[in-house]
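Chains as they are written, first to last, in the numbering used here: chain A, 5 to 159; chain B, 264 to 700.
C-beta: ideal position from N, C-alpha, C; glycine also.
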Amino acid sequence: MQRSLYIDPQKCTGCLQCEMACSYENEQAFNPSKSRIKVFAFHEEGRFVPYTCTQCAEAWCLHACPVEAITKNPATGAMEVNEKTCVGCKVCTIACPFGTVNYNTATGKVIKCDLCQGDPACAKACPTGAITYVDSSWTGLDKMRAWAAKANTAA
Amino acid sequence: MIHRYVIVGAGPAGVIAAETLRTTDPDADITLIGDEPERPYSRMAIPYLLIEKIGEEGTHLRKGNDHYDSKGIRVLRDRVEKVDAKTKRLTLKSGGAMDYDKLLVCTGSRAVRPPVPGFDLPGVHTCWTLEDARNIARLAEKGAKVVLVGAGFVGCIVLEALALRGVDLTVLEMGDRMVPRMMSPIAGGLIKSWCEKKGVRVITSTRVTGITENGGLMNKLVNTLTGKPTRALKVTLNTGETLDADLVVSAAGVAPNIEFLQGCGLEIERGILIDHYMQTNVPDIYAAGDVAQGRDFSTGGLEVHAIQPTASEHGRTAGLNMAGVPTYYRGSFNMNVLDTLGLISSSFGLWMGVEGGDRVEMCEPDRFRYLQLQFDGDIMVGATSLGLTQHVGVLRGLIQGKVPLGPWKAKLMDDPTRIMEAYLACNFAARVAPKAA
């Protein structure tokens, strides 16, 4: 069964524990600026929206990589960056129309959500259930893919 | 019937087309022809080879040793000399001939040297192929004096690699700023001052009038006596100044590899003209990547977009169409990202703006931060950034998704850094909207 991150912004209180958990899990530091999930604040409306890679079917990042450093993990469905192969050219960071692949200046490589190999730290850390890891058919994944398709040049 | 597909050019477009053909037409006979004595590799990776971040195998487009064999893709090291479109036959340099049912031309482009005396001397190298990289690596030793001619996109990528190798570097650019075709005047100027701060001499609005050998015996003798190293080359500029150099790297432009197509009747401007299906005007000949002049998403015109994502998308679309799966391509999106010694810049779409459109520009020169957004009505059409590494791709999403910004246009005009919030608010409106009471 393929699982996906399901994000319900209405439950988000903006506590940023997901960012802390993500950066600690992946970068061994409590450093939200290195987190692969980001919570965006809409202060006028008093709302928060957690946002990360949807592991979209188009896989813009994977197709844009010139050195085959991004591959799909068949078990989790996540597009994963192979740190050893990545040269740090950053083409994936401009190719991803969702803005969810970022360049890490400290390592000279790119980082993106890899679903923590099937056990995402953000979902475990979220105290309000705004981020859950559920069966893909529950997440409206098709709906998210439809958004991806809107920007799809090879539609 | 088994279809014979021949792909000329073993860059990213060719490799992706071959793989797409294999998946779509499992029984097909697929040949991929490349004329360089290497496994298919990525030119984009060359700067990282020059700084020894990767070895040569790290430049290969596909890593598995049996990748092509296992997919039944015949990789041929040869050069196509002639194409006869009537009989559908290729003449190969090795002497043979090859017939095709469908042909894909993705021969890319080659580096051209300026028509200036001395650019053919030993010690003057282009930076385009793996062989070029080996030559440059040999001469660009720590402390060597290097003159880089051209500060366009390719020049700037090479600039970083050369500077990191510890050479004494001077960069010459004919235009009034660095990367003039990708960066606005302010951004191009900031990149120049950043590079100067990092110890690179940058001379803009200047061209080379000649390169000569510094070889005279007398010269060598004087240098030996005074303990000065003899530099192999002397570069003369139109200002009258001369620069000594151990190595001159020419990054002054490229030309499409189309000579072998003479007599085919192909329509060619700056590249081979293709339609939305990667098809040329000649039946059963397709073109993709840097050699192709295809639909531009932003302008609707025909442009050469010599970038990796376009090569990849062209290659995939060509493969599908050649295999009989009609696949419409909306057009390629012009974008680029560049790292000049740690200053990261990017440009998207119509970054120079459109007539009657609005523009917002944010600039913090002391921090080398810059962001410019261009709008047509409430749709973003282009962007330029400096120092932005987080969520930069969303600029593509906003522009290529033609997201109507509504009230968010005014918010972006006020604070252009809120691109991510704008994207979320406009695309996920239902989720961001306040809860119904």
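Query raised in the report: When you compare each of B:Arg397, B:Glu344, B:Asp431 and B:Arg285 to Asp507 of chain B by their alpha carbons, which one comes out closest?
Result: B:Asp431
Query raised in the report: So is Tyr55 of chain A in contact with chain B if we call contact Cβ pairs under 8 Å?
Result: yes
Report task. Report the rounded CA-to-CA distance for His344 of chain B versus Ala33 of chain A, giving the unit in angstroms. Result -> One point to set straight first is that residue 344 of chain B is Glu, not His, in the sequence displayed. So the two alpha carbons sit approximately 57 Å from each other.
Query raised in the report: In the structure shown, what three-state DSSP assignment does Asn584 of chain B receive?
Result: helix
Query raised in the report: Is there at least one Cβ from chain A nearer than 8 Å to Tyr311 of chain B's Cβ?
Result: yes
Requested in this report: Decide if the region 405–422 of chain B is in contact with the region 531–543 of chain B; the criterion is three or more beta carbon pairs, one per stretch, under 8 Å apart.
Outcome: no
Query - Cβ of Lys351 of chain B within 8 Å of any chain A Cβ - result: no
Report task. Using a Cβ-Cβ cut-off of 8 Å, state whether Leu636 of chain B counts as contacting chain A. Result -> no
Query raised in the report: Any idea if Ala699 of chain B is buried or exposed, counting beta-carbon neighbours within 10 angstroms, 16 or more meaning buried?
Result: Reliability fails at Ala699 of chain B, whose pLDDT of 38 lies under 50, so the model's placement of it is uncertain and the value that follows must be treated cautiously. The residue in question, Ala699 of chain B, is exposed, as its Cβ has fewer than 16 Cβ neighbours within 10 Å.
Report task. Verify the CB distance criterion: does Arg267 of chain B have a CB-CB separation below 8 Å to chain A? Result -> no
Query raised in the report: Got a sec: is the Cβ-Cβ distance from Gly277 of chain B to anything in chain A below 8 Å?
Result: no
Query raised in the report: What residues of chain A sit near Gln542 of chain B, judged by a beta carbon separation below 9 Å?
Result: Here the premise fails: no neighbours, minimum Cβ distance about 15 Å.
Query raised in the report: Is DSSP giving Leu604 of chain B helix, strand or coil here?
Result: coil
Report task. Would you give the residue range spanned by the alpha helix (DSSP H) that Tyr686 of chain B belongs to? Result -> Ile682 to Asn690
Requested in this report: Verify whether the separation of the beta carbon atoms of Leu496 of chain B and Gly640 of chain B is less than 8 Å.
Outcome: no
Requested in this report: Check Cys458 of chain B in the structure and name its three-state DSSP category.
Outcome: helix
Query - Met615 of chain B: first and last residue of the uninterrupted alpha helix (DSSP H) it sits in - result: Met615 of chain B -> no alpha helix (DSSP H), and no H or E assigned at all.
Report task. Give a yes or no on whether the C-beta atoms belonging to Gly335 of chain B and Ala99 of chain A are separated by under 8 Å. Result -> no
Query - 7 Å Cβ shell around Ser140 of chain A - same chain, five flanking residues per side excluded - result: Gln6, Arg7 and Ser8
Query raised in the report: When the distance is taken between beta carbons, is Ala276 of chain B closer than 8 Å to His568 of chain B?
Result: no
Query raised in the report: Quick one: what's got a C-beta closer than 6 Å to Thr136 of chain A's C-beta in the same chain, skipping five residues either side?
Result: Tyr10 and Ala127
Query - CA nearest to the CA of Pro628 of chain B, picked from B:Ile454, B:Asn501 and B:Leu435 - result: B:Ile454
Requested in this report: Give the DSSP-derived three-state secondary structure of Cys57 of chain A in the structure shown.
Outcome: coil
Query raised in the report: At a cut of 8 Å, does the region 116–124 of chain A reach the region 662–670 of chain B through at least three beta carbon pairs?
Result: no
Query raised in the report: CB of Thr433 of chain B to nearest heavy atom of the ligand FAD: below 7 Å?
Result: Questions concerning the ligand FAD fall outside what the structure shown contains, since it holds no ligand whatsoever.
Query - C-alpha gap between Ala673 of chain B and Cys626 of chain B, whole angstroms - result: 18 Å
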